[in-house]
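Q: Protein chains in written order, with our numbering: chain A, 11 to 636; chain B, -9 to 461; chain C, 33 to 534; chain D, 11 to 112. The following block contains the structure, expressed as structure tokens.
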């Protein structure tokens, strides 16, 4: 009974965090502890509700689709609802988001302990959770856009949470603006949909779209829509904000910039798959961009020294994986990877947070070392996360990544398959580079550290357990249960291929071994490598100089045009106004000197006036007569 | 013929003579009551005239007319004279022992204006005009110790006499072609001939001089600046209105548009007047002179109503002439008070008026803005009538010029406001004392300006009645 | 029906307040402020009452009052509100009430200040409730002069002097209004010729079938007149300088509501009376509007003075309104009206925050600041709220306006709309840069003495912030009446086909 | 036969001479005299027109008388003003009277 009503009441899942935000913002910001407690309690309730929703949805063999909506903004010709669309896809996302959010919020109690902004931190966390959940349950593009922007706002606020730092302020700004560029295209796509189809509702669009399949306009629309995921999921070329976003508190990075928000782009592609898969060129574009990003980011991650940045590039790379999966039609695999990635990547980030916390905000891996002695829980959960990420069977990452590679392989995208496998190798390498340097290594800088409190380690353990187990729901061992529910029209399912599995596992192990050789055994001198391949190293270390390019472009084109236009405004437009005023004034002065005080010249003007009047009047009359 | 209908004129003449005589017979001390007496007497005449507003009568074969049109202007002149006398305040002390003659001359000038407004014959117009003008010659030069006053008087006399001569020459030509000088009879007897055109142009030139239309305006700034301020005020308000009263009657009745379309000629004059008056006013630093140029521009606006030559336009002429009494007198009254207090009307002597006397600053600002035509002040309603008329007659361009220039005129009016409110004060923190009577006059101007702007209907109804004879 | 003249009351209570203030002695500063606050509060309450009791099911003009005023001009003192004017009336009073509190720290010439301010508020309100062209225009120009005086007396001199700024603003707008007045007179005269009797009633004038050429001519005049007020490119030069010179309350009212008279006029008068003219001129307006959106946004990027940033940003945002008006369909015009409301509250909030900061720090240069969120968290909240609203974040009422305009305009002017939508990126860039430089970054010791908002200073933040959020979260509250008003208005035009848009 | 046109032309010439005097004479009194000349030209006109257009009505003659009287008054005032200004300036040259300008 409760379970049946749960769908009607599922709106509470996003609503409760919003309520929390309002309560904290309006009344409770003076009591940070209370705010934190409220926030955690509310997200816990949301989590429970999500579990119940999941039970209902997956309790039915075919999966349940439930849709309801309330009018939000409407006028003749335009209607934007606030809707609730619950299907297996939503249910998975709800579960992932509420669970990670809950764990991160608990973890934050320890991580953010004593921070003066604790109340606002939890307020932001709540509004983020609310917006993200709102995005997930959306039944139309309007609603998605609304929450899309709101999660962007939360990301902005949380990246800039320590606003006293210049780097944080810059990173927050960068994140928002870069996302705006993506949203520009996304918004255009939505507008096209509205104008052409007259609706933004998913199911109505899904009914109308097929008639336009592969038409030029639809290709255009789908590419525009793809702008959104490119921004939000930090795909090349709009990836630049995500590494910088690591300026935020680490739990935030875990939740927003690893597990949930950045995956929203992938989720959007999945949700709007009925549009994308009608347009082959767009699908190719998506796959290419995703694959490229995966490789590109992984290569950068190879040489970074900041623990969070390594993880950030890893996130980029994995997002690229997911996007690629979407592009090659392996949506289920992509969503599966999204889910497992959410767990193990948040685990990794929280682990990193634990380290950073213990080392008093030290993030350079070369200034860590041998942490395993002092921080066993952190270390071993971190290793589990890294193994999962590297795709070592039977951890979750193995199953999901394998699905994607399988999709590429079986779908005939051999290039992408090879690329994916290469990335898997690199992933394993850089993750274990991190682990060997920071957690084992001979460096003893980390030895004054101490294990984090239970409030931080318990979420780590929970996530570690999930990271190990979550993969099984989609594994052939459980008959691809995940794929049974999370399906997409037109998507193909491929039978498990042992070769692909074996190759990827071996490749990952090879990566780990290489890292072991270089950084643990130091058989190969990494410093020498650095010097030998100086050019390549610098290129990678400086992230292909893309930030610099953008900075240069912005400085010269945007700010340059701004300067030029300012000059134009000041001297041409304002100048014209002032010139007209001056001419008026000057002519006044000129005329003024006709009043020279000489009475006879006044008389002369009068007579002249009479003569002119007389002549012109006579001319007028004569011409009228003639 | 009911001569009692001429009571207004007769009474005014009698009052003028009495004031003149009483100035001679009363001892020095007693002369102060002369001013009060004349104000009171004129007030009674005004009330009487208002009650006889609807009376119509034609005298002496149409050479003198009593009608609503004339009465409207008579009311206007009396009101203006009263306001000017009231607002003179302490300025009267500058006339020393000659103050009673000042009142007498003012009253004679008023009489001259009345005659102009009611004249049914060109020669009657001329007589009224000369009565008015000669009084003004004397009044202009009334500050015997002030060189500029004398200069202004002489300039006015020379130019005034020349313009009278020109006008008379024009009258003689019209007389030659029509055989009559009665306004009502001319129309039937003329047709388009070059000599007639010459006559009309010269007649127009004479009136253009009186109303200070460009290029016959050159006297106005000098004379306005040199004359004692109350005289300037009356010159600007009364003399101009009288000029328009006669001009409208002559042109509307004697010169039918079907014979000779003089509207274009007037439109050009109006446009020039508006443009040049406003442009030169932009550069002025002396408030009196600034108001002089402003009043030139105002003449241009009023002329636009005559250009229209239809109900809205003519109503606008009357309406504007009346509101001009309030607004212009208000502004000049403040200038008078400032000159009494600081001895100058240079814009710098208005500095800090907003602090020293908020009422004066407010009156000045509001009256000036009314002149600029900013709603909800009277000037806006007036301009609306004038330019509606002009547009109705097809003179859209004139409306354009008029309205744009009137917005530009806000610049110089606001310059004064700016100085008053944020200027460096000449006499910091010193309250400015203004007599109760002058204050009363300013309040009337202020309230009149606002009332006519917010609720123009009563005045426009009066004007409607007054212009019936042209319709 | 014999009802209370609620609109007249709303309109004239500030005037009564002003008269009472004039009668008070100069040194009763507290009393003066309380009377101003009270009278604007009553007006606000009454306009809220209007907003709530307006019968949405019937729509159209309601709370009608009509008294014949000037017979021979066909003028009557006619008031009424419909779905278009009602939000703007409410906006005026929201901002008016906030403006009084934003001026709470005025110390010089308190009496004059609040007198002028109240007159100003009345004038603005009047334009929105008048249904008679003459009365509309009267109120429209009433506001100009108080603004001038307020600017020169209480303004501030930075890049340009306050005298220059005030004069430029005044004369520029007046010249714009001269064109408008010519148009109105032409309209009036022609209508009289066609109807046979004079009328200034907007609805009656709208019933007249003016010749197309005439409509184009008059609409062009109006587009210039109202466009100037709406700071349409390239006639925007008065706006940034004007706001920079003006005191806080004036900037709030001017950017917040006065500008909106331009947009309101273009819809209520221009489009309603002269649909064919509107159709002809619309593409030109749309193109100029790009100038607004993109050009002004670019200039914002290089500004350092907070008031200039918001000044140019308001020019930029008015571009959206213009596009909405130019697109000539229900959705776009709904959006334009919504955007006017939204921009009003946002700009007013922005200016009140800037004013508060300036009053305490005596500088407005962004580079002088940094890390203000440390010392002034509430002010930072205000700035952020305004900033986020400015960049059209969902959840703020501005998003509703922008989104609706985009939808409406997109169906008509694709290219224009796409170029205009790039504005959302540029806006984000300059707003976020400003916010970052102003509020974030390391604490600066030199500003440690600044006190955060407290007491009366909080009122603008609370009132306007609430409006931004409530409108953003429950857009139907505002959009439904707007939509009914716009649909009603366009339905009355009805018979005139405009490229199948209607 | 001398007709109306001759009179009018003669009067016009006289008027023009007066006008020239007004414009060119520097002495204020001479200017006043020139003005009188102009007025006399007008008088000639009126009297001539009376004879040719409306004989026997006396209208033109009356007007001429009026004009003469008014002109006399004007001259009286004018001379008084010249005396007044002479007291200040010790000059009757019109070129010297330019305190008021611009």
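The beta-carbon is built from N, C-alpha and C at its ideal position, and this holds for glycine as well. On a predicted model such as this, the values are computed, not experimentally measured, just so you know.
Between 62/A, 256/A, 210/A, which has its C-alpha nearest residue 21/A's C-alpha?
A: Checked all of 62/A, 256/A, 210/A; the closest Cα to residue 21/A is 62/A.
Q: Find the nearest neighbour of residue 354/B within the set 306/B, 411/B, 383/B, judged by alpha-carbon distance.
A: Selected option, being the one with the closest Cα: 411/B.
Q: Let me check understanding here. Comparing Cα to Cα, which of 177/B, 140/B, 190/B lies closest to residue 91/D?
A: Comparing Cα positions, the closest option is 140/B.
Q: Going along the chain, which residues of its own chain have a beta-carbon closer than 7 Å to the beta-carbon of residue 106/B, five neighbours each way excluded?
A: Taken in chain order, the residues that qualify are 115, 118, 119, 122, 232, 235, 236.
Q: Once you ignore the five residues that flank residue 518/A on each side, which residues in its own chain have a CB closer than 6 Å to its CB?
A: 400, 401, 402, 434, 438.
Q: Do we get a CB-CB distance below 8 Å when we pair residue 461/B with the residues of chain A?
A: No - not a single Cβ of chain A is within 8 Å of the one on residue 461/B.
Q: Quick check: the segment 96 to 105 of chain B against the segment 246 to 257 of chain B, are there 3 or more CB pairs under 8 Å?
A: Contact between the segment 96 to 105 of chain B and the segment 246 to 257 of chain B is absent, because fewer than three Cβ pairs lie under 8 Å.
Q: Could you tell me whether any Cβ in chain F is nearer than 8 Å to the Cβ of residue 615/A?
A: As a matter of chain content, chain F is missing from the structure shown, whose protein chains are A, B, C and D.
Q: Quick check on the DSSP output: the alpha helix (DSSP H) that includes residue 110/D runs from which residue to which?
A: Segment: none, residue 110/D is in no alpha helix (DSSP H) and carries neither H nor E.
Q: What does residue 160/A touch in chain C if you count any residue whose Cβ is under 8 Å from its own?
A: 425, 426, 427, listed in chain order.
Q: Near residue 385/C, what residues of its chain come up, given a Cβ to Cβ distance below 7 Å and the 5 sequence neighbours on each side ignored?
A: The answer, listed in chain order, is 411, 414, 415, 418.
Q: Using 8 Å as the limit for Cβ to Cβ distance, is residue 624/A near chain C?
A: It does not; no Cβ of chain C falls within 8 Å.
Q: Who are the neighbours of residue 103/C on chain B, taking C-beta pairs under 7 Å?
A: Near residue 103/C (Cβ distances below 7 Å), the residues of chain B are 447.
Q: Can you tell me which residues form a DSSP beta bridge with residue 54/B?
A: Answer is 49/B, 109/B.
Q: Within the continuous alpha helix (DSSP H) that includes residue 334/A, where are the two ends?
A: From DSSP, the alpha helix (DSSP H) with residue 334/A extends over 317 to 337.
Q: Please report the straight-line C-alpha distance between residue 282/A and residue 467/C, rounded to a whole angstrom.
A: Taking the straight line joining both Cα atoms gives about 35 Å.
Q: With a threshold of 8 Å, are at least 3 pairs of Cβ atoms found where one atom belongs to the segment 347 to 356 of chain A and the other to the segment 406 to 415 of chain A?
A: Touching, per the Cβ criterion.
Q: Measure how close the beta-carbons of residue 207/C and residue 394/B come, nearest whole angstrom, since I'm counting them as under 8 Å.
A: Right, their Cβ atoms sit about 6 Å apart.
Q: Using the DSSP secondary-structure output, state which residues sit across from residue 78/A in a beta bridge.
A: Answer by DSSP bridge pairing, in chain order: 94/A.
Q: Candidates 511/C, 166/C, 203/C, 118/C: which alpha carbon is nearest residue 367/C's?
A: Residue 511/C is the option with its Cα nearest to residue 367/C.
Q: Considering Cα atoms alone, identify which of 342/B, 444/B, 329/B, 371/B is closest to residue 79/B.
A: Checking every option, the nearest Cα to that of residue 79/B belongs to 329/B.
Q: What are the residues in the segment 547 to 577 of chain A lying within 8 Å of chain C by C-beta distance?
A: So the list reads 568, 569, 571, 572, 573, 575, 576, given in the order they occur along the chain.
Q: Pick out the complete alpha helix (DSSP H) segments inside the segment 138 to 218 of chain B, 4 residues or longer, and give them in chain order.
A: Here the runs fully enclosed are 173 to 179, 184 to 200, 209 to 216.
Q: Below 8 Å, how does it come out for the segment 154 to 164 of chain A and the segment 270 to 284 of chain A: are there three or more Cβ pairs, yes or no?
A: These segments touch.
Q: Jot down the residue ranges of each uninterrupted alpha helix (DSSP H) in the segment 75 to 143 of chain C, minimum 4 residues, whole runs only, in chain order.
A: Counting only runs of 4 or more, we get 117 to 134.
Q: Give me the Cα-Cα distance between residue 303/C and residue 160/C, rounded to the nearest whole angstrom.
A: Cα to Cα, the separation comes out at about 16 Å.
Q: I'd like the list of long-range same chain contacts for residue 224/C, defined as Cβ closer than 6 Å, with 5 residues on each side in sequence excluded.
A: Once the five neighbours on either side are set aside, the close Cβ partners of residue 224/C are 230.
Q: Buried or exposed: which applies to residue 6/B, given that a residue is buried once 16 or more other Cβ atoms fall within 10 Å of its Cβ?
A: Classification of residue 6/B: buried, given that the 10 Å Cβ count is 16 or more.
Q: Using a cut-off of 8 Å between C-beta atoms, extract the partners of residue 620/A located in chain B.
A: Under the 8 Å cutoff, chain B gives 156, 191, 192, 195.
Q: Residue 135/C touches chain B at which residues, Cβ-Cβ below 8 Å?
A: Under the 8 Å cutoff, chain B gives no residues; its nearest Cβ is about 17 Å from residue 135/C.
Q: Which residues, in chain order, does the segment 185 to 196 of chain C contribute to contact with chain B at a C-beta distance below 7 Å?
A: Those would be 185, 195, in chain order.
Q: Threshold first: 4 residues or longer. Then list the alpha helix (DSSP H) segments lying entirely within the segment 312 to 379 of chain C, N to C.
A: Runs of the alpha helix (DSSP H) inside the segment 312 to 379 of chain C: 328 to 333, 338 to 359.
Q: To the nearest angstrom, how far is the alpha carbon of residue 530/C from that of residue 129/C?
A: Summary for residue 530/C: the model assigns pLDDT 46, below 50, so the residue's position carries little reliability; its value from the coordinates is reported in the next sentence. Cα to Cα, the separation comes out at about 41 Å.
Q: Just how far apart, CA to CA, sit residue 188/C and residue 273/B?
A: C-alpha separation (whole angstroms): 26 Å.
Q: Residues in the same chain with beta-carbon distance under 7 Å from residue 388/B, minus the five sequence neighbours each way, listed in chain order, please.
A: 257, 260, 261, 294, 297, 380.
Q: Enumerate, from N- to C-terminal direction, the unbroken alpha helix (DSSP H) stretches of 4 or more residues contained entirely within the segment 335 to 408 of chain A.
A: Counting whole runs of 4 or more residues, the segment 335 to 408 of chain A contains the alpha helix (DSSP H) stretches 341 to 368, 381 to 384, 386 to 400.
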